[in-house]
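Peer 1: Before I ask anything, let me first share the structure, which is written out below as structure tokens.
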Amino acid sequence: MVKHFAFFLLICGFLLTACQNSETANSKSDQNGSKTNNSSDENPPNSGGADSKDITDKNSESYAPPVFNGTTKKTSKRNNLESPAILADVRTGKHDGFDRAVFEFKGADLPGYYIEYIGEPITQCGSGTKVDLTGNGGLEIRFSPAQAHTDAGQPTIFFSDNEQNPNYTNIKKLKSTCDFEGNVTWVVGVSKANKYRVLTLENPSRLVVDVEH
Numbered sequence: 001m002v003k004h005f006a007f008f009l010l011i012c013g014f015l016l017t018a019c020q021n022s023e024t025a026n027s028k029s030d031q032n033g034s035k036t037n038n039s040s041d042e043n044p045p046n047s048g049g050a051d052s053k054d055i056t057d058k059n060s061e062s063y064a065p066p067v068f069n070g071t072t073k074k075t076s077k078r079n080n081l082e083s084p085a086i087l088a089d090v091r092t093g094k095h096d097g098f099d100r101a102v103f104e105f106k107g108a109d110l111p112g113y114y115i116e117y118i119g120e121p122i123t124q125c126g127s128g129t130k131v132d133l134t135g136n137g138g139l140e141i142r143f144s145p146a147q148a149h150t151d152a153g154q155p156t157i158f159f160s161d162n163e164q165n166p167n168y169t170n171i172k173k174l175k176s177t178c179d180f181e182g183n184v185t186w187v188v189g190v191s192k193a194n195k196y197r198v199l200t201l202e203n204p205s206r207l208v209v210d211v212e213h
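Numbering (our numbering), first residue to last: 1 to 213.
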């Protein structure tokens, strides 16, 4: 019995010594004199995914300010470019609380713009042909200096009849009404002439128009 108890104490002493040696090894200083950190990373990578980044990235097309500070009045900004900006794409998106229209241009610079709600009749520039626009009002977006064609006269936008029909909560239809003498105009047909806001995004250059639901 005494032998067994002595043997048990011997084993415990051996295990205690091994544990102390292990803790000493884990806290040894590295070559720079700082202790080695065996814990997990204090700043783990963001696990929110791409959507979380897009919401805060002010150049992401998913970005939206948390408060909708819009207007129903005219909005304009001049930008005297050496040559007209070329419209490369027009697209739309539906979001919580607003609908979005995006106008993408080639190059680093956006043209000047003039935005306002207009009444009927809505017509094509030059010909004066009446434009059939779905909705109860039209938000006109005019760019200058800009063009939606190449120097050879080929269009840079290839929608059927130069229009889109998203039929969202507020944005119902988009229609091109002018591409002439350095002016490009699109009209957004809306169900209600609610507040709109304007955002500018880079890489690529885009003008974003959000219309509140």
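All residues carry an ideal CB built from backbone N, CA and C; glycine is no exception.
These figures come from a predicted structure and were not determined experimentally.
Among the candidates T92, G137, R91, whose CA atom is the shortest distance from the CA of T72?
Peer 2: One-based indexing of the sequence shown puts residue 72 at position 72. Nearest of T92, G137, R91 to T72, Cα basis: G137.
Peer 1: Hey, would you say L139 sits closer than 9 Å to V209, going by beta carbons?
Peer 2: Stepping through the sequence shown from its first residue, residue 139 is reached at position 139. Stepping through the sequence shown from its first residue, residue 209 is reached at position 209. Taking 9 Å as the Cβ cut-off, L139 and V209 qualify as a contacting pair.
Peer 1: Going by CA-CA distance only, name the one from G182, N59, T75 that's closest to S267.
Peer 2: What the structure shows of the chain is the stretch from 1 to 213, and residue 267 is not part of that stretch, so it cannot be assessed.
Peer 1: Starting from R91, follow its DSSP beta bridges and name the residues at the other end.
Peer 2: On the sequence shown, residue 91 is found 91 positions in, with the first residue counted as 1. In DSSP, R91 forms a bridge with V102.
Peer 1: Tell me whether the region 120-135 and the region 194-202 touch, counting them as touching only if at least three CB pairs, one residue from each stretch, are closer than 8 Å.
Peer 2: No contact exists between the region 120-135 and the region 194-202.
Peer 1: Around the C-beta of G189, are 16 or more other C-beta atoms found within 10 angstroms, so that it is buried, or is it exposed?
Peer 2: Position 189 of the sequence shown, counting from 1, holds the residue named residue 189. Burial call: buried.
Peer 1: Can you give me the C-alpha to C-alpha distance between K195 and W186, rounded to a whole angstrom?
Peer 2: Mapped onto the sequence shown, residue 195 falls at position 195. Mapped onto the sequence shown, residue 186 falls at position 186. Rounded to whole angstroms, K195 to W186 spans 18 Å at the Cα level.
Peer 1: Could you name the residues of the same chain whose beta carbon sits closer than 8 Å to that of A193, not counting the 5 residues immediately before and after it, in chain order?
Peer 2: Stepping through the sequence shown from its first residue, residue 193 is reached at position 193. T72, Y117, N136, G137, L139.
Peer 1: Rounded C-beta distance between A101 and I171? I'm assuming under 8 Å.
Peer 2: Counting from 1 along the sequence shown, the entry for residue 101 is found at position 101. Counting from 1 along the sequence shown, the entry for residue 171 is found at position 171. The pair is a contact, with the Cβ atoms about 6 Å apart (cut-off 8 Å).
Peer 1: Please go through the same chain and pick out, in chain order, the residues whose beta-carbon is closer than 6 Å to the beta-carbon of K106, but skip the five residues on each side of it.
Peer 2: To locate residue 106, count along the sequence shown from 1; it is residue 106. These residues qualify, in order along the chain: I86, A88.
Peer 1: Going by C-alpha to C-alpha distance, which of D99, K77, G126, N79 sits closest to F68?
Peer 2: As a working mapping, residue 68 is identified with position 68 in the sequence shown. Among D99, K77, G126, N79, the Cα nearest to that of F68 is on D99.
Peer 1: With H, G and I counted as helix, E and B as strand and the rest as coil, what does DSSP make of Y196?
Peer 2: As a first step, residue 196 must be located in the sequence shown, where it is residue number 196. Residue state, collapsed to three classes: strand.
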